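Chains A and B supply the protein sequences, listed in that same order.
Position 47 (the first sequence) corresponds to 47 in the working numbering; numbering is contiguous.
So the number in the working numbering is just where the residue sits in the second sequence, counting from 1, plus 223.
We put the CB at the ideal spot given by N, CA and C, even for glycine.
As the structure is a prediction and not an experimental result, all values here were calculated from the model.
There are 2 protein chains.
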Amino acid sequence: MTKPADPIAGLRMPLSEAMETQRSIRRLSPDPVDDEIILRLIELGTKAPTGSNFQNWEFVVIKDQTLKARIGTLYEQAWKIYGRAGRALRKGDEAAARSMAAVEWQIEHFEEVPILIVACLRGSRAPFLPVPPVVAATYYGSIFPSIQNILLGARAMGLGAGIVTLPLWSTTRIRRLLKMPIAVLPCAILPVGWPIGRYGPTHRRPPGEITHLDTYGNMPWKT
Amino acid sequence: MTKPADPIAGLRMPLSEAMETQRSIRRLSPDPVDDEIILRLIELGTKAPTGSNFQNWEFVVIKDQTLKARIGTLYEQAWKIYGRAGRALRKGDEAAARSMAAVEWQIEHFEEVPILIVACLRGSRAPFLPVPPVVAATYYGSIFPSIQNILLGARAMGLGAGIVTLPLWSTTRIRRLLKMPIAVLPCAILPVGWPIGRYGPTHRRPPGEITHLDTYGNMPWKT
Chain A
1 MTKPADPIAG LRMPLSEAME TQRSIRRLSP DPVDDEIILR LIELGTKAPT GSNFQNWEFV
61 VIKDQTLKAR IGTLYEQAWK IYGRAGRALR KGDEAAARSM AAVEWQIEHF EEVPILIVAC
121 LRGSRAPFLP VPPVVAATYY GSIFPSIQNI LLGARAMGLG AGIVTLPLWS TTRIRRLLKM
181 PIAVLPCAIL PVGWPIGRYG PTHRRPPGEI THLDTYGNMP WKT
Chain B
224 MTKPADPIAG LRMPLSEAME TQRSIRRLSP DPVDDEIILR LIELGTKAPT GSNFQNWEFV
284 VIKDQTLKAR IGTLYEQAWK IYGRAGRALR KGDEAAARSM AAVEWQIEHF EEVPILIVAC
344 LRGSRAPFLP VPPVVAATYY GSIFPSIQNI LLGARAMGLG AGIVTLPLWS TTRIRRLLKM
404 PIAVLPCAIL PVGWPIGRYG PTHRRPPGEI THLDTYGNMP WKT
């Protein structure tokens, strides 16, 4: 774990370096994170685009130990089902196994995570109402760019962070815990803290292997 | 319009500067954009996180004039309904009026946009199947962080870009145009080109006005 002397100065990291060394960090130290840092991250989040520029995000910062423990319990409940399925599906995949071990570490230590940022959208969609994909894409497209700004900002400041959605399997329970009105939908939780693990380059397929020209299947940049 | 001498070197822009000066640029010059630049943007897109690290994005780059014109027609059809509703809803809102005028400019000039990047996810969700919010959030949360990387990269390189979803109102028609299988869902279109307009700081409410502590409505950072 390395906490930099001046984390906010880290935001001057070159854009490409921040992107190329971003990864989900799940093993976080319980050391506190200053309010100033969290608000700066959220400020950067608000710079991202939103559909029709509605700027309809809201953020709930959770520090309360009891709330963190309760959200951790929701996480664990969903993981018991989802994690078992995941292990069966990706048997023999070592990278997936490492990632699942990190998730399990995170669940066990969830109430020690210094900060949870719950990213929400005002103007909730009805939970089980079927909507055409374009509506859903426009809706979630108004919060995930903002979340990515927060994650990149965290990376540049030397903070560990990642996206967690499983604890939100019951929006009713989460809303009750956070006293959140029905008109606000929690979309993702970002656990934030000083990392025990390290950032570093990630491995991806070259862009030519996933890029088509004009029509699907026409891949002139594939080598 | 200013096309920098070495756009890729622009990616070393400080992270916070890129975020703080990002805005949707809709008025784009028809001047071509090099393949190298587009592939570098997509490469940066692939550095973003995906749910369970499935890396299930795909990108279709559109340069063909006829395809751009047809997608422009789909855009126009949706705008005729949506734009009229938007104008009625946000009457008297000057910023919204400016933004709507830019959208109309873009629709009129859609086939001149040098590059459209269609950001897609493999493992399509059924179009009208109701899913709980946590599933939808995890799904779209696997493509919009990637889209935000592309937009930030475009901004740092001096390219204009933005998110457009309206032309996707009929996934059937878009899939037919792009010969895309049902197992791939187009989530957003990013028109990319050298800007006629300028980037510059955006205006947002301070983070304390949209940030709650522990429970919704508890806003200690509001000034």
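How many angstroms separate the CA atom of residue i from the CA atom of residue j?
i               : j               : result
A359 of chain B : Y139 of chain A : 10 Å
P7 of chain A   : S29 of chain A  : 16 Å
G385 of chain B : R378 of chain B : 10 Å
G309 of chain B : N56 of chain A  : 16 Å
I115 of chain A : R198 of chain A : 19 Å
S275 of chain B : A325 of chain B : 37 Å
A97 of chain A  : R90 of chain A  : 8 Å
Y75 of chain A  : L264 of chain B : 34 Å
R250 of chain B : G416 of chain B : 9 Å
A271 of chain B : E317 of chain B : 35 Å
Y84 of chain A  : G92 of chain A  : It is Arg, not Tyr, that sits at residue 84 of chain A in the sequence shown. Approximately 14 Å between the Cα atoms of the pair.
L262 of chain B : I397 of chain B : 22 Å
Q300 of chain B : E327 of chain B : 12 Å
L375 of chain B : V354 of chain B : 31 Å
V336 of chain B : D257 of chain B : 13 Å
I405 of chain B : D31 of chain A  : 47 Å
Y82 of chain A  : G364 of chain B : 17 Å
K3 of chain A   : P418 of chain B : 40 Å
W322 of chain B : S99 of chain A  : The sequence as given places Ser at residue 322 of chain B; Trp does not occur at that position. Cα-Cα distance, rounded: 42 Å.
L185 of chain A : M403 of chain B : 32 Å
N441 of chain B : I117 of chain A : 14 Å
W302 of chain B : T73 of chain A  : 45 Å
G381 of chain B : N149 of chain A : 19 Å
R23 of chain A  : T273 of chain B : 10 Å
I433 of chain B : P220 of chain A : 46 Å
T223 of chain A : A228 of chain B : 28 Å
A88 of chain A  : F277 of chain B : 15 Å
R176 of chain A : R399 of chain B : 44 Å
Indicate whether residue i and residue j have their beta-carbon atoms separated by less than 7 Å.
i               : j               : result
L190 of chain A : V60 of chain A  : no
R122 of chain A : E58 of chain A  : yes
P201 of chain A : E20 of chain A  : yes
T165 of chain A : V357 of chain B : yes
A188 of chain A : A119 of chain A : yes
G383 of chain B : I248 of chain B : yes
The ligand FMN and residue i: does the residue's C-beta get closer than 6 Å to at least one heavy atom of that ligand?
i               : result
M323 of chain B : As far as ligands go, the structure on display features none, and thus does not contain the ligand FMN.
Across the segment 14 to 28 of chain A and the segment 235 to 242 of chain B, are there enough close Cβ pairs to call them in contact, namely three or more that are closer than 8 Å?
yes
For the pair the segment 387 to 397 of chain B and the segment 421 to 431 of chain B, tell me if three or more CB-CB distances fall below 8 Å.
no
Give, in chain order, every residue of the segment 3 to 32 of chain A whose Cβ lies closer than 7 Å to some Cβ of chain B.
L11, R12, M13, P14, L15, S16, A18, M19, E20, Q22, S24
Using a beta-carbon distance cut-off of less than 9 Å, what residues from the segment 155 to 170 of chain A approach chain B?
R155, A156, G162, I163, T165, L166, P167, L168, W169, S170
Is the number of C-beta pairs between the segment 210 to 222 of chain A and the segment 270 to 287 of chain B that are closer than 8 Å three or more?
Because the criterion of three Cβ pairs below 8 Å is met, the segment 210 to 222 of chain A and the segment 270 to 287 of chain B touch.
Enumerate, from N- to C-terminal direction, the unbroken beta strand (DSSP E) stretches of 3 or more residues contained entirely within the segment 387 to 420 of chain B.
407 to 416
With a threshold of 8 Å, are at least 3 pairs of Cβ atoms found where one atom belongs to the segment 139 to 149 of chain A and the other to the segment 317 to 337 of chain B?
no
Can you list, in chain order, the stretches of the beta strand (DSSP E) that have 3 or more residues and sit fully within the segment 230 to 279 of chain B?
none
Jot down the residue ranges of each uninterrupted alpha helix (DSSP H) in the segment 305 to 362 of chain B, minimum 4 residues, whole runs only, in chain order.
DSSP runs (the alpha helix (DSSP H)) wholly in the segment 305 to 362 of chain B: 317 to 331.
Going along the chain, which residues of the segment 413 to 445 of chain B sit with their C-beta nearer than 8 Å to a C-beta in chain A?
Those residues of the segment 413 to 445 of chain B placed with their C-beta closer than 8 Å to a C-beta in chain A are T425, R427, R428, P429, P430, G431, I433, T434, H435, L436, D437, T438, Y439, G440, W444, ordered along the chain.
Contact list for the segment 268 to 295 of chain B against chain A, Cβ threshold 9 Å
G268, T269, K270, A271, P272, G274, S275, N276, Q278, W280, E281, F282, V283, V284, I285, K286, D287, L290
Along the segment 303 to 334 of chain B, where does the CB come closer than 8 Å to a CB of chain A? Name the residues.
G309, A318, A319, S322
Select from the segment 361 to 372 of chain B all residues with a C-beta closer than 7 Å to any C-beta belonging to chain A, and list them in chain order.
T361, Y363, G364, F367, P368, I370, Q371, N372
Please name the residues in the segment 401 to 413 of chain B whose beta-carbon is closer than 8 Å to at least one beta-carbon of chain A, in chain order.
L401, K402, M403, P404, V407, L408, C410, A411
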